[in-house]
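Before any comments, here is the structure.
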Amino acid sequence: MCATGITLPPFIIFDRKSHNFQLMSGETPGTLLGSSTNGWIDQELFILRFCKLFLMTVPKVRPLLLIMDGHSLHYNPDFIRIAAKEQILIFVLPPNTTHLTQPLDKGCFGPLKSAWKAVCHEFYCKNPGRVVSRYDFSALFAEAWKRAMTQNNVTGGFKVTGIYAFNRNPLKVDCHGKQEGQSLLQETGLAYIPMYSADDEERRSCSNLSLEDEPPQLERSLSEGDL
Numbered sequence: 042m043c044a045t046g047i048t049l050p051p052f053i054i055f056d057r058k059s060h061n062f063q064l065m066s067g068e069t070p071g072t073l074l075g076s077s078t079n080g081w082i083d084q085e086l087f088i089l090r091f092c093k094l095f096l097m098t099v100p101k102v103r104p105l106l107l108i109m110d111g112h113s114l115h116y117n118p119d120f121i122r123i124a125a126k127e128q129i130l131i132f133v134l135p136p137n138t139t140h141l142t143q144p145l146d147k148g149c150f151g152p153l154k155s156a157w158k159a160v161c162h163e164f165y166c167k168n169p170g171r172v173v174s175r176y177d178f179s180a181l182f183a184e185a186w187k188r189a190m191t192q193n194n195v196t197g198g199f200k201v202t203g204i205y206a207f208n209r210n211p212l213k214v215d216c217h218g219k220q221e222g223q224s225l226l227q228e229t230g231l232a233y234i235p236m237y238s239a240d241d242e243e244r245r246s247c248s249n250l251s252l253e254d255e256p257p258q259l260e261r262s263l264s265e266g267d268l
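Numbering of the sequence shown is given in the working numbering, commencing with residue 42 and proceeding in unit increments.
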């Protein structure tokens, strides 16, 4: 999604070896379908999403900043080469901070979960005795997506994280070392989030990550599919 409030179409991954386009009935226009044996995203699907959704949807103005979390799939030489060729500047959010710094977490995932629950409840009320099958999923998710991924929610996510309009204050501890709830310092060990990329040495070390060093896999996003 973009700081202006524009969202990319969703990317839905089903746990199957081949595509079945009947599963896409009623989907959000432009939705990209993927499949894997376990329903999780992998490097091939990540590249597909970047090329077929991101590059095909974003404005042509360059350079363009892409803000991402530190998922292990993002340490991908092919992805980095394509991004460099397309003049896409990659900024990886500091580890253990996405609940504070990622606009999707702050502005959209909560409303999307609530909308999904509401849409499923409406489905059950209209169809007593039925369960939501994978053939129902795309149409129901499209309705939840329409309700949750609004311009206000998207721009609000960027605003509350201080990314756009740029503002350090949401990520700072106040002069008394207090914030509502647990402070950023208590949660992450950082008094504020440094707004710059890792240095060259740290970037080079990414290519030598061991399995123990890699960030943990994300939870499957929707009962979620993968957005």
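The beta carbon of each residue, even a glycine, is placed where N, CA and C say it ideally should be.
Bear in mind the structure is a predicted one, so any value in this text is a computation, not a measurement.
Contact check for LEU114 against GLN84 passes: the beta carbons are separated by less than 9 Å. Scanning the stretch 149-179 for uninterrupted alpha helix (DSSP H) segments of 4 residues or longer gives 150-167, listed from N- to C-terminal end. Assignment of MET109 by DSSP, reduced to helix, strand and coil, places it in the strand class. For ILE88, the enclosing alpha helix (DSSP H) stretches over residues 84-90.
Between the stretch 63-80 and the stretch 99-112, the count of C-beta pairs closer than 8 Å stays below three; the two stretches do not touch. With a 10 Å radius around the Cβ and a threshold of 16 neighbouring Cβ atoms, ARG90 comes out buried. Nearest to VAL160 by C-alpha distance, out of GLY148, CYS43, VAL173, PHE150, is VAL173. Here VAL133 carries a strand assignment [DSSP, helix/strand/coil]. Beta-bridge annotation (DSSP): GLY75 is paired with ILE54. Looking from the CA of LEU134, the closest CA among ILE47, LYS126, ASP146 belongs to ASP146.
ASP110 is the residue among GLU184, THR138, LYS200, ASP110 whose C-alpha sits nearest the C-alpha of ILE131.
Exclusion of the five residues before and after THR191 leaves no residue of its chain whose Cβ lies closer than 7 Å to its Cβ.
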